[in-house]
Amino acid sequence: MATSTSQKKEKVLKKLVKKLEKEGYDELKTRFAGYKTPIDLNYNGSMKKFTPDLVAVKDEVSDVYEIEHKMKEREIQDQVAKWILFSSYSKQNRGKFKLLVPKDRAEKFQNLIDRMMIDAELVKLENIA
């Protein structure tokens, strides 16, 4: 049986939550039961909202994590807008924006974030494509 993109994303997110808990983060915000939900972010005057997959808080520093499996041509504009917003939010909170992507697609993502001058740390993941 094929695993859906959302199931793969959830699996990666669960592993990330466990890893960050072991690293002693003060607070993790994600959509899983037992955790606070991350806040919705949007641009001033925009009705469109974006919610990070995970916000990790340690010593009043907030790191934002987003898992992306692929870039869809028709969604690139929204993806870039979301990443810019997450990067800005993490900077305002003295943290980093970390974009988790499949290792085999990392170069494509890196080229896009470089071209758009997005301050993001690219994390290459195995087997999430």
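Residue numbers (the numbering used here): -10 to 118. Even glycine gets a Cβ: it sits at the ideal position worked out from N, Cα and C. Predicted model, so just to flag it, every value in this text is computed and none were measured.
At the level of alpha carbons, what is the spacing between residue i and residue j?
{"i": "Lys18", "j": "Ser(-5)", "result": "18 Å"}
{"i": "Arg20", "j": "Lys11", "result": "19 Å"}
{"i": "Gly145", "j": "Tyr14", "result": "Shown here, the chain extends from -10 to 118; a query on residue 145 therefore has no answer."}
{"i": "Asp42", "j": "Asn100", "result": "22 Å"}
{"i": "Glu57", "j": "Arg63", "result": "15 Å"}
{"i": "Leu30", "j": "Tyr78", "result": "8 Å"}
{"i": "Leu9", "j": "Asp52", "result": "11 Å"}
{"i": "Val112", "j": "Ile28", "result": "23 Å"}
{"i": "Ser(-7)", "j": "Lys7", "result": "22 Å"}
{"i": "Gly34", "j": "Lys4", "result": "36 Å"}
{"i": "Tyr32", "j": "Glu(-1)", "result": "26 Å"}
{"i": "Phe39", "j": "Ile65", "result": "14 Å"}
Using CA coordinates, which residue listed in the options is at the minimum distance from residue i?
{"i": "Ser76", "options": "Glu64, Glu96, Ile102 and Pro91", "result": "Ile102"}
{"i": "Val1", "options": "Glu110, Thr40, Ala70 and Leu88", "result": "Leu88"}
{"i": "Glu96", "options": "Val44, Leu114 and Ser(-7)", "result": "Leu114"}
{"i": "Val46", "options": "Ser(-7), Lys(-3), Lys80 and Lys4", "result": "Lys80"}
{"i": "Asp93", "options": "Glu(-1), Lys38, Ile73 and Met60", "result": "Met60"}
{"i": "Val91", "options": "Asp48, Glu55 and Glu49", "result": "The sequence as given places Pro at residue 91; Val does not occur at that position. Comparing Cα positions, the closest option is Glu55."}
{"i": "Lys85", "options": "Thr40, Val44 and Glu16", "result": "Val44"}
{"i": "Lys37", "options": "Met105, Lys71 and Lys25", "result": "Lys71"}
Opposite residue i in the DSSP bridges: which residues?
{"i": "Phe39", "result": "Leu30"}
Spatial neighbours of residue i within its chain, please: C-beta separation below 6 Å, excluding the five flanking residues on both sides.
{"i": "Val69", "result": "Met105"}
Those runs of the alpha helix (DSSP H) which lie wholly inside the segment 81 to 117 and span at least 4 residues: Fully enclosed alpha helix (DSSP H) runs of no fewer than 4 residues occupy 95 to 104 of the segment 81 to 117, in order along the chain.
message: As an exercise, report each continuous beta strand (DSSP E) stretch of at least 3 residues that is fully enclosed by the segment 46 to 72, in chain order.
response: 50 to 56
In chain order, each alpha helix (DSSP H) run of at least 4 residues that lies wholly inside the segment -7 to 29: -6 to 11
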